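Using this note's numbering, the letters of the sequence shown correspond one by one to residues 1090 to 1301. We put the CB at the ideal spot given by N, CA and C, even for glycine. None of these values were measured; they are calculated from a predicted model. First comes the structure, then the notes that go with it.
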Amino acid sequence: MTRARVLDPVSRASEILFGLIMVLTFTASLNAAESGPSDVRLMLIAALGCNLAWGLIDAAMYLMSAQAEGAMSHQALERVRMARSPALAHDEIRAALPPLLSGLLDDGDLEKIRARLTAGEPGDARRLTSGDWRAAVAVFALVFLSTLPVALPFLLIGDPKRALWTSHAVAIASLFLAGYSLGRHWLRPLRVGLAMVALGLVLVGIALALGG
């Protein structure tokens, strides 16, 4: 996940996938034929509690990752500023850039970047920004809110069996929509949508086989 945007498309799809997989491990373990209202209620509490806890953990991990990324950027900037020669500074800049981008830059481009980086006092990239906090809230919201559409059928439908099938249909549709949205960036929305459904179901199956 990057600090440049609140959450990129891959990160959004990943958080939704995580949330759906976790709630599906609870709903898929429910025996609709033998479950009563108390069983459904306990399952919902467990599913919501699990996603609430994981959303908080995931948000905290995002903030830690953002701070570590900022520290690494700060160190790279210091190496550029303290380089003993422009050529060494150029090497540091190339090392900090993606290979595709660094390969397009000549020495003149690198010198312009070096001049900009060494002019004035930079801000402290090691501090969390408002964008980092917004992204952490978005991470929590995506993980937790992805639970609600899958849980709602159990609140709105009295028959546990019908509620379970409806819940699974909603989960599959949510997986497909998340994948379809992601696939539009690769110009293959249908394929990625179906792949997301398959991946989600396989991961749920593995989780259930390992004890949930």
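Check                                                                                                       : Outcome
Cβ contact check for the segment 1238-1246 and the segment 1155-1170: 3 or more pairs under 8 Å             : no
Beta-carbon spacing of A1096, A1224 below 9 Å                                                               : The residue you asked about is not Ala; residue 1096 is Leu in the sequence shown. Contact: yes.
Alpha helix (DSSP H) segments (min. 4 residues) lying fully within the segment 1112-1177                    : 1126-1171
Buried versus exposed, by CB contacts within 10 Å (16 or more), I1182                                       : buried
Coil, strand or helix - W1254 by DSSP                                                                       : helix
Backbone CA spacing between A1178 and A1172 [nearest angstrom]                                              : 5 Å
C-alpha gap between L1241 and S1256, whole angstroms                                                        : 8 Å
P1126, buried or exposed, once every other Cβ within 10 Å from all chains shown has been counted against 16 : exposed
Residue interval of the alpha helix (DSSP H) (run including R1320)                                          : No statement about residue 1320 is possible, as the shown extent of the chain runs from 1090 to 1301 and does not include it.
L1266 vs G1289 beta-carbon contact at 9 Å                                                                   : no
Cα-Cα separation, P1175 to L1292                                                                            : 50 Å
Proximity below 9 Å, CB of V1232 to CB of D1180                                                             : no
G1192 in three-state terms, based on DSSP                                                                   : coil
Distance between beta carbons of V1112 and T1236, contact taken as under 8 Å                                : 5 Å
Assigned exposure category for L1106 - 16 Cβ within 10 Å defines buried                                     : buried
Collapsed DSSP secondary structure at I1246 in the structure displayed                                      : coil
Local conformation of R1203 per DSSP, three classes                                                         : helix
Inter-residue Cα distance where the pair is A1258 and G1108                                                 : 16 Å
DSSP-derived helix/strand/coil call for E1210                                                               : coil
Alpha-carbon spacing of A1287 relative to S1100, whole angstroms                                            : 18 Å
Under 9 Å between C-beta atoms of L1253 and L1131                                                           : no
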